[in-house]
Amino acid sequence: MWKLRKQKEKGIKMAKERLDLNRIALTTGIVAGIMYTLCALLIAVLPAGAALANNIFHGVDFTSIAVKNMTLAGFSIGLAIIFIWGWLIGELFALVYNMTGRK
Numbered sequence: 016m017w018k019l020r021k022q023k024e025k026g027i028k029m030a031k032e033r034l035d036l037n038r039i040a041l042t043t044g045i046v047a048g049i050m051y052t053l054c055a056l057l058i059a060v061l062p063a064g065a066a067l068a069n070n071i072f073h074g075v076d077f078t079s080i081a082v083k084n085m086t087l088a089g090f091s092i093g094l095a096i097i098f099i100w101g102w103l104i105g106e107l108f109a110l111v112y113n114m115t116g117r118k
């Protein structure tokens, strides 16, 4: 950071860094998958964890819609969907970021 600041002070124009779409998309997909897995583990270990979700999402009663016995197939399908959503969000984020840097 110090080096960049010194270069700006000298009048050197810095090129805006562009994000790698696939790298950002993969990263957000993986992070979304990790968060989904942690949430599923919380519900499996502590079934009252759905009540915790009620405090986070105002007005939604998760205790009435929480799955009591999640199957491996159900978990895998949910994980795949969350990963794809994370991937798409990351791809869109990087695309918009790169587009806003053009002059």
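Throughout the sequence shown, residue numbering follows my numbering, covering 16 to 118 in sequence.
No residue lacks a Cβ here, since even glycine has one placed at the ideal position from N, Cα and C.
Just so it is clear, the structure is predicted and the values come from calculations on it, not from any experiment.
Could you name the residues of the same chain whose beta carbon sits closer than 6 angstroms to that of residue i, not counting the 5 residues immediately before and after it, in chain order?
i, result
"K31", "G116"
"R33", "N113"
"G64", "L57 and I58"
Tell me the DSSP secondary structure of residue i in three-state form.
i, result
"V75", "coil"
"I80", "coil"
"A68", "helix"
Looking at the unbroken alpha helix (DSSP H) that takes in residue i, where does it start and where does it end?
i, result
"M50", "L36 to V60"
"T115", "L87 to T115"
Under 7 angstroms Cβ to Cβ from residue i, same chain only, skipping five residues before and after it: list those, please.
i, result
"A47", "I97, F98, W100 and G101"
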